[in-house]
Amino acid sequence: MTDQGTGSWLAARFDVSFDRTTAAVAAMVLLDVGWWLLVVDGHLPMPGMMWLMDQGIPMAAPGAMERGVFHVGTLGAIAGYLVMWGVMMWAMMHPAMTRFVREYAAAHEGSALAVTTAVTGFLGGYSLVWLGSGVLPLGLDAVLPGGIYGLTRAHTSLVVGGVLVCCGLYQLSSFKQSRLRTCCASVDAHTNGLGAGFANGLVHGGSCVLVCFGPFFLLMPFFGEMNLVWMVVLTGVVALERLPDWGREIATATGLAAFLAGLAVLLVQPPLPIAFGM
């Protein structure tokens, strides 16, 4: 078979066109696989891990990572925590962001190199916001009596039920819905370069933090950031919320589910599958 014949045979059986939108989606998928491999294989800084193990505190316990950071008590430990948090957030947010990045690439009116530069800048700014957002759970741990771990262990049903109710109310709020609409809005035609893309990423990242405040900053710290089951569940929730046609309904449904689950925990106080010791 000739080279031309081979090409025709392949073209008839496979769609191998690789335009800018396909490249953007492929890059996002590959990046996300990389982030998840780092998380699952444990290739992340975990300040205070040996001390936590000596204390018999599981890494997946509520507030365990924050407790380890403050035990070490150095700027290096805080920086390590922020890197760990950032990688986890990138892994969890990339599926939700794939559609937007695809549209951002499609709306660019420049060359392939210009598109790559703009998208790189956008993802850089976006990722920086999520890395910096790790100061929120650290700050929460610092102000709570006993920290997240101590408070949740002492009043498990009250704390878990309370954060579920708060998360549900946040999901149902008009503020959350307005942020979600902004996050899912279509992208206007642009010719952004690296700097403008970076600025767009900062703004969009801030909006995404507000959209995800309930699941990531109310639930995750009190359910355990290193709990892979909850990571996968919350990744699915925030990804489904970004579907243009279903986003509002998904956010409302998860809000109602969290609110009712929180009330049930507060009223019934059932045994909860949360481990505080090994």
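Going by my numbering, the sequence shown opens with residue 1229, and the numbers climb by one from there. We put the beta carbon where it would ideally sit given N, CA and C, even for glycine. If you're wondering where the values come from, they're calculated on a predicted model, not measured in any experiment.
Annotated three-state conformation of HIS1418 is strand, per DSSP.
The beta-carbon distance between LEU1468 and ILE1478, rounded to whole angstroms, is 5 Å. This is short enough to meet the 8 Å contact definition. Taking 3 residues as the shortest admissible run, the segment 1306 to 1331 contains no complete beta strand (DSSP E) segment at all.
The C-alpha of ASP1369 is placed about 9 Å away from the C-alpha of LEU1379. Around MET1277, the same chain offers MET1287, GLY1296 as residues with beta carbons nearer than 8 Å, after the five sequence neighbours per side are excluded.
Closest option to VAL1461, judged by alpha-carbon separation, among ILE1306, LEU1356, THR1482: THR1482. Inclusion of LEU1430 and CYS1395 in the CB contact set at 8 Å is not warranted, their separation being larger than that value.
Straight-line measurement puts the Cα of THR1348 at about 23 Å from the Cα of THR1463. Only buried fits PRO1290, as 16 or more other CB atoms lie within 10 angstroms of its CB. Residue pairing for HIS1299: DSSP places it in no beta bridge.
Here HIS1336 is bridged, per DSSP, to HIS1418. Taking the CA atoms as reference points, GLY1301 sits about 30 Å from CYS1436. Linking ALA1485 to THR1419 through their CA atoms gives a straight-line distance of about 42 Å.
PRO1365: member of the alpha helix (DSSP H) spanning 1363 to 1371, first to last residue. Counting the other Cβ atoms within 10 Å of the Cβ of GLY1270 gives fewer than 16, which makes it exposed.
Between HIS1322 and TRP1358, the C-beta spacing is not below 8 Å. The segment 1251 to 1265 and the segment 1326 to 1333 touch, with no fewer than 3 CB-CB distances between them shorter than 8 Å. Contact check between the segment 1383 to 1397 and the segment 1305 to 1318: fewer than three CB pairs, one atom from each, fall below 8 Å, which does not count as touching. Note that the C-beta distance between LEU1386 and LEU1494 is below 8 Å.
Residue environment analysis places ASP1260 among the buried positions, since at least 16 neighbouring C-beta atoms fall within 10 angstroms of its C-beta. Separation of GLY1304 and MET1312 (C-alpha to C-alpha, rounded to the nearest whole angstrom) is 12 Å.
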